[in-house]
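S.K.: Numbering (the numbering used here), first residue to last: 43 to 667. Ideal Cβ positions, reconstructed from N, Cα and C, are used throughout, including at glycine. After the structure tokens below, expect a handful of questions from me.
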């Protein structure tokens, strides 16, 4: 379905395609064969202790007093082994031991081997795989449970929207999935106990060596063996077909192509959640790009022929690289760390690697530097200059979208923030110095509002759109300039420039207006709510109380772009690599200090210094200590 949506070329159709594994009743309920197993497992347990046998004969060397029936070749053996003689007479040797025929009950029957093979490995492996998947599903559904979510209100709402259902059904599905998991774990524990049964110990893992059940008289006529045969049939393993090199290559190519489509679906959904969409409503084809219109200006999405996606805004670009097998299921932490360092060495521009893996497995890597870089779109390691980050995704995990969306947010929201404030230019030329001096000193700005201008050398920058009174003063100043330009003063040398002043203010204000829109709830704020001075600003949304703009690094004095959806410290016990996406999701740009003990103070992206690194309040920070 996802591939069909991508091939259609429709942006809207791809947005409507499901990106999560379906959490329907069939997925979270016991499968039909598991219900059958729960019903028939008592019969299997009965067989493992009270099983059918056949009477067998074997030859055994015994003392003469215990011999009841000599073996056929007992005389030949006695003549050849004098150590078995007790004495010797004229009539011949007197035996001390002789080869005798003994009878015993033999459990090594096809039906019993079928039962032991059914217990292990068929049932034990099938139940283990199903339990592993359900545990992941229960963990994901717990993110959607009102009693379990740890992030902001906005992040939780997006999770519900992404999952495609409301909170009540999410909670109900979570309870249902937990009950199913408990039932499966009980079945698995019972099956595990049967591996130490009398039958299993007698046969010592002897198996049938067959993939399909052979119906014998015992299986057909004995109710317990018939029950075990029904379970075998339900869990019957398919025949393994031989695969040619060409078929294997085609299968792997299709697998990687499907993952590329999945990542494209995540990126498309992330852009839509961030307020970006192409006016044409079309997806980029391979090797093509589309222009996007968004809340904070325009951006561009390019899709390479190799499946690599590039998101650009105001001259800055970030690559989104789908790398399906960056982490293999059998890789140890050392191999993963070495592979990641090799990828970091090869990165020459901001790059986000999207790979298929469980977030918990990545988070538990003992090398916390590698774990931090591989689980978050923003690398918070203490060393600056890292261009490569990674985000694990999975169709079973609801937080996948939040990790990818934060990477997209960093690509499309930071450039407009860092381009602030826009310069006042006359066409493609800077405003002449004399005009800069007079415009700055003309008293256009309202004294009770934040400063209107920011001066950088000979360049004048506009900090905020003009209010009505300021626009009136500007019109008057320009009108006076135009009148003076017809005289003999210095203004006559700048007549052409004076005529472009109003246009330069309009262009600068147009680039500022998008930044007044709240990135969290999309409500526009008034220019008078813009605070701070110089080349930094902060706005607090009057609707959702989110804050966005800049902070100033206390160490290197660089600007730190921030979005702060909530000022309250949420769940400070959630810590370690990847905690930012678990709390704030796509709404975070710079990461708050990991100590999270005194408000949302931010890690500088330039020098990577944490503001509480040397403060007693930061002693609990796992990043710095």
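Any idea if residue 525 is buried or exposed, counting beta-carbon neighbours within 10 angstroms, 16 or more meaning buried?
M.R.: Residue 525 sits at position 483 when you count from the first residue of the chain shown. It counts as exposed.
S.K.: How far does the beta strand (DSSP E) with residue 164 in it extend, from its first residue to its last?
M.R.: The residue given as residue 164 occupies position 122 in the chain shown. That residue, residue 164, is in no beta strand (DSSP E); it is neither H nor E in DSSP.
S.K.: Going by DSSP in three states, residue 287 sits in which element: helix, strand or coil?
M.R.: Residue mapping note: residue 287 aligns to position 245 of the chain shown, counting from 1. Three-state result, residue 287: helix.
S.K.: When you compare only the Cα positions, how much space is there between residue 532 and residue 511?
M.R.: Here residue 532 corresponds to residue number 490 of the chain shown, with the count starting at 1. Here residue 511 corresponds to residue number 469 of the chain shown, with the count starting at 1. Each residue's Cα considered, the two are about 27 Å apart.
S.K.: Contact between the region 308–319 and the region 436–447: three or more CB pairs below 8 Å?
M.R.: yes
S.K.: Just the C-alpha distance for residue 215 and residue 358, rounded to the nearest angstrom, thanks.
M.R.: Along the chain shown, read from residue 1 onward, the residue named residue 215 stands at position 173. Along the chain shown, read from residue 1 onward, the residue named residue 358 stands at position 316. Straight-line measurement puts the Cα of residue 358 at about 43 Å from the Cα of residue 215.
S.K.: Can you confirm whether residue 353, when its beta carbon is compared against all beta carbons of chain C, has any partner nearer than 9 Å?
M.R.: Among the chains of the structure shown, chain C does not appear; only one protein chain is present.
S.K.: Let me check one thing: in DSSP terms, what residues is residue 355 bridge-paired to?
M.R.: Taking the first residue of the chain shown as 1, we reach residue 355 at position 313. Answer by DSSP bridge pairing, in chain order: 358.
S.K.: I believe residue 346 touches residue 327 by the beta-carbon criterion, under 8 Å. Please report the beta-carbon distance rounded to the nearest angstrom.
M.R.: As a first step, residue 346 is located in the chain shown; it is residue number 304 there, counting from the start. As a first step, residue 327 is located in the chain shown; it is residue number 285 there, counting from the start. 11 Å between Cβ atoms; not a contact.
S.K.: Can you tell me which of 48, 79, 197 puts its alpha carbon nearest to the alpha carbon of residue 623?
M.R.: The residue you call residue 623 lines up with position 581 of the chain shown. The residue with the shortest Cα to Cα distance from residue 623 is 197.
S.K.: In terms of residue numbering, what span does the alpha helix (DSSP H) encompassing residue 486 cover?
M.R.: One-based indexing of the chain shown puts residue 486 at position 444. No alpha helix (DSSP H) holds residue 486; DSSP gives it neither H nor E.
S.K.: Identify the continuous alpha helix (DSSP H) that holds residue 150 and give its terminal residues.
M.R.: Within the chain shown, the letter at position 108 stands for residue 150. Run containing residue 150: none; DSSP gives neither H nor E here.
S.K.: So, using beta-carbon positions, are residue 612 and residue 194 closer together than 9 Å?
M.R.: Translated into positions along the chain shown, residue 612 becomes position 570. Translated into positions along the chain shown, residue 194 becomes position 152. Contact: yes.
S.K.: Name, in chain order, the residues that DSSP records as bridge partners for residue 496.
M.R.: As a first step, residue 496 must be located in the chain shown, where it is residue number 454. According to DSSP, residue 496 bridges with 503.
S.K.: Within its chain, find whatever has a CB closer than 6 Å to the CB of residue 128; leave out the 5 residues flanking it on each side and keep chain order.
M.R.: Along the chain shown, one-based indexing puts residue 128 at 86. Same-chain partners within the cutoff: 136, 138.
S.K.: From what residue to what residue does the beta strand (DSSP E) around residue 331 run?
M.R.: Here residue 331 refers to the residue found at position 289 of the chain shown. Its beta strand (DSSP E) spans residues 330–336.
S.K.: Just to confirm the assignment, what range does the beta strand (DSSP E) spanning residue 593 have?
M.R.: Taking the first residue of the chain shown as 1, we reach residue 593 at position 551. First-last of the beta strand (DSSP E) with residue 593: 589–594.
S.K.: Give the straight-line distance between the Cα atoms of residue 472 and residue 520, rounded to the nearest whole angstrom.
M.R.: Counting from one through the chain shown, the residue named residue 472 turns up at place 430. Counting from one through the chain shown, the residue named residue 520 turns up at place 478. Put simply, the backbone Cα of residue 472 is about 17 Å away from that of residue 520.
S.K.: From the DSSP output, in three-state form, read off residue 392 for me.
M.R.: As a first step, residue 392 must be located in the chain shown, where it is residue number 350. Three-state result, residue 392: coil.
S.K.: What do you reckon, are the CB atoms on residue 457 and residue 496 nearer than 9 Å?
M.R.: Here residue 457 refers to the residue found at position 415 when the chain shown is read from its first residue. Here residue 496 refers to the residue found at position 454 when the chain shown is read from its first residue. Contact: no.
S.K.: Taking 9 Å as the threshold (C-beta atoms), are residue 649 and residue 635 in contact?
M.R.: Taking the chain shown and counting its residues from 1, one reaches residue 635 at position 593. Taking the chain shown and counting its residues from 1, one reaches residue 649 at position 607. No. Outside cutoff.
S.K.: What ranges does the alpha helix (DSSP H) occupy inside the region 395–476, keeping only unbroken runs of at least 4 residues that lie completely in it?
M.R.: Restricting attention to alpha helix (DSSP H) runs no shorter than 4 residues, the region 395–476 encloses them at 401–405, 410–417, 442–460, ordered along the chain.
S.K.: Are the beta-carbon atoms belonging to residue 447 and residue 620 less than 9 Å from one another?
M.R.: Taking the chain shown and counting its residues from 1, one reaches residue 447 at position 405. Taking the chain shown and counting its residues from 1, one reaches residue 620 at position 578. Against a cut-off of 9 Å, the Cβ pair of residue 620 and residue 447 comes out as no contact.
S.K.: Hey, quick one: how far does the beta strand (DSSP E) through residue 119 stretch, first residue to last?
M.R.: Taking the chain shown and counting its residues from 1, the one referred to as residue 119 is at position 77. Looking at the DSSP string, residue 119 is not in any beta strand (DSSP E); the run it does join, the alpha helix (DSSP H), is 116–122.
S.K.: The alpha helix (DSSP H) with residue 70 in it runs from where to where?
M.R.: Walking along the chain shown from the start, residue 70 turns up at place 28. Its alpha helix (DSSP H) spans residues 67–70.
S.K.: In angstroms, rounded to a whole number, what distance separates the CA positions of residue 350 and residue 303?
M.R.: Within the chain shown, numbered from 1, the residue matching residue 350 stands at position 308. Within the chain shown, numbered from 1, the residue matching residue 303 stands at position 261. Looking at the two C-alpha atoms, the distance is approximately 11 Å.
S.K.: Could you tell me which uninterrupted alpha helix (DSSP H) segments, each at least 4 residues in length, are contained entirely in the region 533–577, listed from first to last along the chain?
M.R.: The qualifying runs are 537–540, 543–554.
S.K.: Going by Cα to Cα distance, which pick from 331, 367, 364 is closest to residue 353?
M.R.: The residue labelled residue 353 in the question sits at position 311 within the chain shown. Looking at the Cα atoms, 331 is the closest of the given residues.
S.K.: Are the CB atoms of residue 69 and residue 179 nearer to each other than 9 Å?
M.R.: Against the chain shown, residue 69 aligns to sequence position 27. Against the chain shown, residue 179 aligns to sequence position 137. Cβ distance < 9 Å, so residue 69 and residue 179 count as in contact.
S.K.: Among residues of its own chain, excluding the 5 on either side of residue 112, which ones have a beta-carbon nearer than 8 Å to its beta-carbon?
M.R.: If you number the chain shown from 1, residue 112 lands on position 70. The answer, listed in chain order, is 140, 141, 142, 143.
S.K.: Taking Cβ positions, are residue 403 and residue 434 nearer each other than 9 Å?
M.R.: In the chain shown, residue 403 corresponds to position 361, counting from 1. In the chain shown, residue 434 corresponds to position 392, counting from 1. Result yes, Cβ atoms of residue 403 and residue 434 sit closer than 9 Å.
S.K.: Once the 5 residues before and after residue 482 are set aside, which same chain residues still bring their CB inside 7 Å of it?
M.R.: Taking the first residue of the chain shown as 1, we reach residue 482 at position 440. 495, 497, 502, listed in sequence order.
S.K.: Smallest Cα separation from residue 630: which of 418, 654, 618?
M.R.: On the chain shown, residue 630 is found 588 positions in, with the first residue counted as 1. Looking at the Cα atoms, 418 is the closest of the given residues.
S.K.: Indicate the three-state DSSP secondary structure (helix, strand or coil) for residue 172 in the structure shown.
M.R.: Residue 172 sits at position 130 when you count from the first residue of the chain shown. It is helical.
S.K.: Using three-state DSSP, classify residue 94 as helix, strand or coil.
M.R.: Here residue 94 refers to the residue found at position 52 of the chain shown. Coil at residue 94, not helix or strand.
S.K.: In angstroms, rounded to a whole number, what distance separates the CA positions of residue 245 and residue 219?
M.R.: Walking along the chain shown from the start, residue 245 turns up at place 203. Walking along the chain shown from the start, residue 219 turns up at place 177. Near 37 Å, if we compare the C-alpha coordinates of residue 219 and residue 245.
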